[in-house]
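Residue numbers (my numbering): 13 to 491.
Written out below as structure tokens is the structure these notes cover.
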Ligand SMILES: Cc1cc2nc3c(=O)[nH]c(=O)nc-3n(C[C@H](O)[C@H](O)[C@H](O)COP(=O)(O)OP(=O)(O)OC[C@H]3O[C@@H](n4cnc5c(N)ncnc54)[C@H](O)[C@@H]3O)c2cc1C
């Protein structure tokens, strides 16, 4: 089956699943008021790949059918550049506000399948083979996949990973004739209501004796016992004038409970194998996935720069401080764009002919973007000031008694019509101040771990040889 259309994607979402939003056990995620905006936005992402097939689709190397380019296993720098175009196209659709469009997991699993040797360590060759087969299934059925990799935080003093006997974290509890049974929780699963399947794979390494927690697998959202508790919705009304972003881009985040879920054997990629679990994410995953995440981030920052420019123009804020702050956003956008290009320029074969980026620029971004994005929101709110709230709604514009007064008293500078001015400030507030904006800021602070954690671990991803050489010259001088 070739790449799906939006209609096919929505049809797939209407299947059975246990998703909770507020007090509702959602009967149909496509029609639920808190979910329908994002469901249809994601359908547009599926349609987009057909509209821009030249950029977004590639030939399946075995079947010849058209599949999404994000499923590509890159074999050269040119492949990465080709993938860049597709990832950028998807990122532009939500202006980077949806972090976990299905291309995120497509890229992740293409990377896993590109390095079966990493998954096959310590006698896990069969798990690796199952994963390679699963990735083909993913690509050929154009599956929308959510994922959850973090154990629930119950007592931080006990560390990031569960120890033997932990009653909360996801673990294997039994073998069955056809697979394994897993029990416990994980946090979070962004995109969950809009996924066909959920993936579980490693994050923080597990300690000795925690073998039961060393599992990796994928199951359909309809698997009995699988429950998703969504956070409060940040979707606003469906009116795109009033809420240009939060009417459609709330990708949701859910707490996941596996209440004795049976995973079929062909979907189990790690089965109580501590060594595989603790090593598999360490090599090619970061430089592979971060091409997707940083293209998205660059797109979002460029959009923020554009919004700030438009706000300043709407009120003719040409003062040096406003221009300085806008320039600050531009530097974040430009550094991010340049770092992605540098990472692609430094791409190499990471083993088995699998190509991924130079990870150093991407890791620098990973540690810094969680600080930049909140600052960007602050700048937009500072420039916008009270203007962010002088923003009549579509219904108020439509009122014949109000419209002439709004047009007369709320124009922008240089004869900008009131409607245009209001559109600019509504867009800015939805980006930087709305409930969606607040959720997105939290996402940027944490989605690839906190800045603090990434900075503290920077030596794991860098080569200090050059820095040492520069310093040693002075330390080794004769007395
Ligand atoms: C909106 C959102 C969506 C998400 N979506 C997903 C998803 O789809 N799938 C998924 O698996 N996970 C998801 N996550 C979870 C995400 O992966 C984790 O939140 C992330 O790994 C950070 O978790 P943490 O609490 O361990 O962060 P930490 O890095 O522990 O940070 C928490 C706090 O501790 C501080 N800190 C960190 N290290 C230290 C230290 N050594 N000493 C002192 N203080 C320290 C930090 O500064 C921060 O204040 C999502 C999270 C958010 C917020």
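Ideal placement from N, C-alpha and C gives every residue a C-beta, glycine not left out.
Beta-bridge pairing of residue 367 - partner residues as DSSP gives them: 361
Reference residue 186; option with closest CA among 271, 337, 100, 294: 271
When every heavy atom of ligand 1 is checked, does at least one fall within less than 6 Å of the C-beta of residue 161? yes
Under 7 Å between C-beta atoms of residue 4 and residue 439: Since the displayed the chain opens at 13 and closes at 491, residue 4 lies outside it and no answer follows.
Is it true that the CB of residue 280 sits closer than 7 Å to the CB of residue 192? The criterion of a C-beta distance shorter than 7 Å is satisfied by residue 192 and residue 280.
Alpha helix (DSSP H) containing residue 456: first to last residue? 447-458
Per DSSP, what kind of secondary structure is residue 46 in: helix, strand or coil? coil
Starting from residue 327, follow the alpha helix (DSSP H) in both directions and report where the run begins and ends. Neither: residue 327 is in no alpha helix (DSSP H) and is coded neither H nor E.
Would the beta-carbon of residue 306 fall within 7 Å of that of residue 374? yes
Quick check: the Cα distance between residue 67 and residue 416, rounded to an integer number of angstroms? About 45 Å.
Verify the contact flag: residue 464, CB atom, against every heavy atom of ligand 1, threshold strictly below 6 Å. yes
Tell me whether residue 161 sits in a helix, a strand or coil according to DSSP, three-state version. coil
Just how far apart, CA to CA, sit residue 456 and residue 38? Taking the CA atoms as reference points, residue 456 sits about 28 Å from residue 38.
Assuming the contact rule is C-beta atoms closer than 8 Å, residue 158 and residue 201 should be a hit. Round their C-beta distance to whole Å, please. 5 Å
Residue(s) in a DSSP beta bridge with residue 36: Residue 36 is bridged by DSSP to 33.
Hey, is residue 265 close to ligand 1, as in C-beta under 6 Å from one of its heavy atoms? Remark: the C-beta of residue 265 is in contact range of ligand 1, defined as less than 6 Å to any heavy atom.
Just to confirm, does residue 200 get its C-beta within under 6 Å of one of the non-hydrogen atoms of ligand 1? yes
Per DSSP, what kind of secondary structure is residue 296 in: helix, strand or coil? Residue state, collapsed to three classes: coil.
Just mark residue 364 as buried or exposed, buried being the case when its beta carbon has 16 or more other beta carbons within 10 Å. Classification for residue 364: exposed.
Minimum C-alpha distance to residue 284 - residue among 53, 55, 183, 304: 183
Could you spell out the range, first to last residue, of the beta strand (DSSP E) harbouring residue 143? Run containing residue 143: none in the beta strand (DSSP E); it sits in the alpha helix (DSSP H), 137-153.
If I measure Cβ to Cβ from residue 432 and keep anything under 8 Å in the same chain, skipping five residues before and after, which residues do I get? Taking C-beta separations shorter than 8 Å and ignoring five residues to either side along the sequence, the partners of residue 432 in its chain run 326, 424, following chain order.
At what residue ranges does the region 176-209 contain a whole run of the beta strand (DSSP E), taking only runs of 3 or more? 183-187, 191-202
Within 10 angstroms of its Cβ, does residue 126 collect 16 or more other Cβ (buried), or is it exposed? buried
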